[in-house]
Amino acid sequence: MRTMVRTRFAPSPTGFLHIGGARTALFSWAYARRHAGTFVLRIEDTDIERSTEESVKAILDGMAWLGLDWDEGPFFQMKRLSRYREVVERLLREGKAYRCYCTREELEQMRVAQRARGEKPRYDGRWRESKAPPPPGIAPVIRFKNPLGGEVTFQDLVKGAITVSNGELDDLVLLREDGVPTYNFGVVVDDLDMKITHVIRGDDHVNNTPRQINIFRALGAELPQFAHVPMILGADGERLSKRHGAVSVMQYAEEGYLAEALANYLARLGWSHGDAEIFSKEQLVEWFDLAHVHRAAAHFDPDKLRWLNHEYMKKVSDARLAELMKPHFEQQGVRLTDGPPLEMVSNLIKSRSATVLAGVAAANPFYSDDEPPPEDLEKSLTAEVRPALVDLLNRLSSIGDWNDQSIMEVLNAVLKERKLKLPQIAMPLRLIVFGRAQTPNIGPTLAVAGQKRVLERLRKHVGT
Ligand code: GLU
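Its first residue numbered 4, the sequence shown is counted upward by one per residue in this note's numbering.
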């Protein structure tokens, strides 16, 4: 039987879930789902100074919002310290690791001397075979006995074969003096214990992989497969950062992006399936493969994300859009009970709104009493338009079944009789009813606004 696929996402909780992390999580999730495997969430919180509970929560919130459900975890590395200690003891026993008593100053001197000789700074292995008695008062770190000769080769599922000579690698620290593992050690023990079959991560870690492979081998363990996904750049070719605008996933939620649109966009950042641009998570799961992860860096394009979001907005259900808009109105202190059902308004505005926030702005006039700018209204209320609106007011008030069709019948009759064009009437009508010149199509808009409001506003501005 083939082994079940197990992937993981292993964020360090030192900030919110950002675009790059979310994309890595999405790829790992999609690969696990594609192969009916298991997706593990592991929190790499060994950087005690920078790790926070809020970050853990922000990351979990971001994943939940994107719909990246995990099957196991979250596991916290700081809760696994005894396990790292146990593995290190084994490596010590087997002579594959050793205690190093170098002080910070000593290491610094080593670096300075190496630089002076024009060498690359690296730990020189002075405690590797040392039989010297341990100096008193110094808590040692545990270092790995990296193989001295040969090379490490692995077949990266994205980048192809990668080979690094062991001569390039020094004896890295596995366990610090306080018993906390370094990233490279913690990750190996965890990937091993969690039976990870595919390590999918950002290619900023590609240089760590040969070190990790050596540790896997020292533990006599089977290697997982590795897939290093290329980084994400801003439009200027620099690595994506705050300078390029929002990088936090939840900021996109706040700015009115739909989770499925962002997930779709992230999927296309460095991966493609033919020329498919718009696809569901189900399709992603059906199609996702590492062979089509691009080798070159991906470019983050906010305009394309907005375009994609707009496509999803057009298809979102009225009820869901209403739910998404509601909290924004509450925040703005807008009373929805004063206007038509929000679902009806959603239906009207969604195809014109690129984001939920744009939808809120477009829906707002239905719930506010904004008056038109007097000079605009004056300009459009010409000598022939004003009596036409009076006529329209009278006819609209006698409509018994208020809907798009009955409204347009009356409106067209007035236009025809008075030889006017639609914009001549629609423009002042919009200004009068909504206080603004732009709204969706006049018929459905007036229908949704309701007869009472339309008549009240018309009476106020052109009533006699
Ligand atoms: N904690 C590491 C990071 O956030 C994880 C790298 C890995 O997936 O191995 O970059």
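Beta carbons: idealized from backbone N, C-alpha and C, even for Gly.
Distance between residue j and residue i (C-alpha atoms, nearest Å)
i: Val-232; j: Asp-48; result: 22 Å
i: Ile-281; j: Val-457; result: 39 Å
i: His-297; j: Leu-345; result: 43 Å
i: Glu-285; j: Phe-147; result: 44 Å
i: Val-413; j: Val-348; result: 22 Å
i: Asp-278; j: Leu-172; result: 42 Å
i: Leu-461; j: Leu-434; result: 10 Å
i: Leu-177; j: Val-144; result: 8 Å
i: Arg-309; j: Gln-80; result: 37 Å
i: Arg-131; j: Met-253; result: 47 Å
i: Asp-120; j: Glu-97; result: Checking the sequence shown, residue 120 turns out to be Arg, not Asp. Each residue's alpha carbon lies about 35 Å from the other.
i: Arg-355; j: Phe-19; result: 31 Å
i: Glu-52; j: Ile-165; result: 34 Å
i: Glu-374; j: Val-436; result: 8 Å
i: Ile-366; j: Asn-312; result: The sequence as given places Ala at residue 366; Ile does not occur at that position. Spanning the two alpha carbons is a distance of roughly 18 Å.
i: Arg-220; j: Phe-157; result: 13 Å
i: Ile-352; j: Phe-369; result: 11 Å
i: Arg-389; j: Asn-415; result: 16 Å
i: Lys-100; j: Ser-85; result: As written in the sequence, residue 100 is Ala, which differs from the Lys given in the question. Approximately 17 Å between the Cα atoms of the pair.
i: Lys-424; j: Leu-392; result: 13 Å
i: Ala-256; j: Val-319; result: 15 Å
i: Ala-429; j: Leu-399; result: 14 Å
i: Leu-69; j: Ala-28; result: 10 Å
Residue from the options with nearest C-alpha to residue i
i: Gly-403; options: Ala-450, Ala-357, Asp-373, Leu-360; result: Ala-450
i: Val-359; options: Arg-398, Tyr-315, Tyr-370, Pro-375; result: Tyr-315
i: Thr-340; options: Tyr-34, Phe-30, Ala-452, Thr-156; result: Ala-452
i: Ala-386; options: Ala-322, Pro-431, Ala-35; result: Pro-431
i: Asp-394; options: Asn-149, Tyr-87, Leu-418, Asn-210; result: Leu-418
i: Val-3; options: Glu-326, Ala-299, Asn-406; result: No answer is possible for residue 3: it lies beyond the span of the chain, which begins at 4 and ends at 467.
i: Ala-25; options: Glu-180, Arg-204, Ala-440; result: Arg-204
i: Ala-262; options: Glu-108, Arg-36, Gly-65; result: Gly-65
i: Ser-54; options: Pro-137, Pro-16, Glu-378, Ile-445; result: Pro-16
i: Asn-149; options: Asn-210, Arg-214, Arg-36, Ala-440; result: Arg-214
i: Asp-321; options: Ala-301, Gly-362, Pro-390; result: Gly-362
i: His-464; options: Leu-384, Ser-401, Asn-444, Gln-427; result: Leu-384
i: Ala-249; options: Glu-75, Pro-305, Ala-270; result: Pro-305
i: His-38; options: Phe-291, Lys-307, Glu-459; result: Phe-291
i: Tyr-87; options: Arg-125, Leu-311, Asp-181; result: Asp-181
i: Asn-169; options: Gly-152, Arg-179, Gly-163; result: Gly-152
i: Pro-1; options: Asn-350, His-21, Gln-334, Ala-61; result: Examination of residue 1 is not possible in this model, given that the chain is present from 4 through 467 alone.
i: Gly-240; options: Phe-188, Thr-185, Ala-301; result: Ala-301
i: Pro-443; options: Glu-378, Asn-397, Asp-407; result: Asp-407
i: Ser-31; options: Ala-67, Glu-56, Trp-73, Ala-61; result: Trp-73
Same chain, Cβ closer than 8 Å to residue i, five either side skipped, listed in chain order
i: Pro-518; result: Nothing can be reported for residue 518, as the shown portion of the chain is limited to 4 through 467.
i: Thr-200; result: Thr-6, Met-7, Val-8, Arg-9, Thr-10, Gly-40, Pro-227, Gln-228
i: Thr-106; result: Ile-141
i: Leu-110; result: Tyr-126
i: Pro-343; result: Phe-369, Val-451, Ala-452, Gly-453
i: Leu-95; result: Tyr-101, Arg-102, Ile-145
Range of the contiguous alpha helix (DSSP H) that encloses residue i
i: Gln-286; result: 284 to 290
i: Val-209; result: Segment: none, Val-209 is in no alpha helix (DSSP H) and carries neither H nor E.
i: Ile-22; result: 22 to 37
i: Gln-454; result: 454 to 465
i: Ile-51; result: Element bounds for Ile-51: n/a, residue is neither H nor E.
i: Phe-157; result: Looking at the DSSP string, Phe-157 is not in any alpha helix (DSSP H); the run it does join, the beta strand (DSSP E), is 154 to 159.
i: Val-144; result: Taken as a continuous stretch (DSSP letters only), Val-144 belongs to no alpha helix (DSSP H), being part of the beta strand (DSSP E) at 144 to 147.
Run of the beta strand (DSSP E) containing residue i, from where it starts to where it stops
i: Ala-164; result: 163 to 168
i: Glu-314; result: Careful: Glu-314 lies outside any beta strand (DSSP E), inside the alpha helix (DSSP H) at 305 to 318.
i: Arg-9; result: 9 to 12
i: Ala-322; result: Here Ala-322 belongs to no beta strand (DSSP E); instead the alpha helix (DSSP H) covers 321 to 334.
i: Gly-205; result: 201 to 205
i: Val-43; result: 41 to 46
i: Phe-369; result: From DSSP, Phe-369 is part of no beta strand (DSSP E); its letter is neither H nor E.
i: Arg-2; result: Because the chain is modelled from 4 through 467, residue 2 falls outside the range shown and cannot be assessed.
i: Ile-428; result: Taken as a continuous stretch (DSSP letters only), Ile-428 belongs to no beta strand (DSSP E), being part of the alpha helix (DSSP H) at 425 to 437.
i: Val-393; result: That residue, Val-393, is in no beta strand (DSSP E); its alpha helix (DSSP H) goes 388 to 400.
i: Val-176; result: 176 to 178
6 Å Cβ shell around residue i - same chain, five flanking residues per side excluded
i: Gln-454; result: Trp-405
i: Gly-259; result: Thr-358, Val-359, Leu-360
i: His-247; result: Gly-237
i: His-331; result: Val-363
i: Gly-23; result: Ile-235
i: Val-183; result: Thr-49
i: Leu-287; result: Ala-33, Ala-270
i: Phe-42; result: Thr-10, Trp-32, Ala-35, Trp-73, Asp-74
Residue-chain proximity (residue i, chain D), Cβ-Cβ < 8 Å
i: Pro-150; result: The structure shown contains no chain D, having only a single protein chain.
Spatial neighbours of residue i in its chain, beta-carbon cut-off 7 Å, leaving aside the 5 residues before and after
i: His-295; result: Trp-274, Ser-275, His-276
Please list the segments of the beta strand (DSSP E) lying wholly inside the region 58 to 137, counting only runs of 3 or more residues, in order along the chain. The region 58 to 137 contains these whole beta strand (DSSP E) runs: 75 to 79, 100 to 103.
Could you tell me which whole beta strand (DSSP E) segments of length 3 or greater appear in the region 220 to 299? 228 to 232
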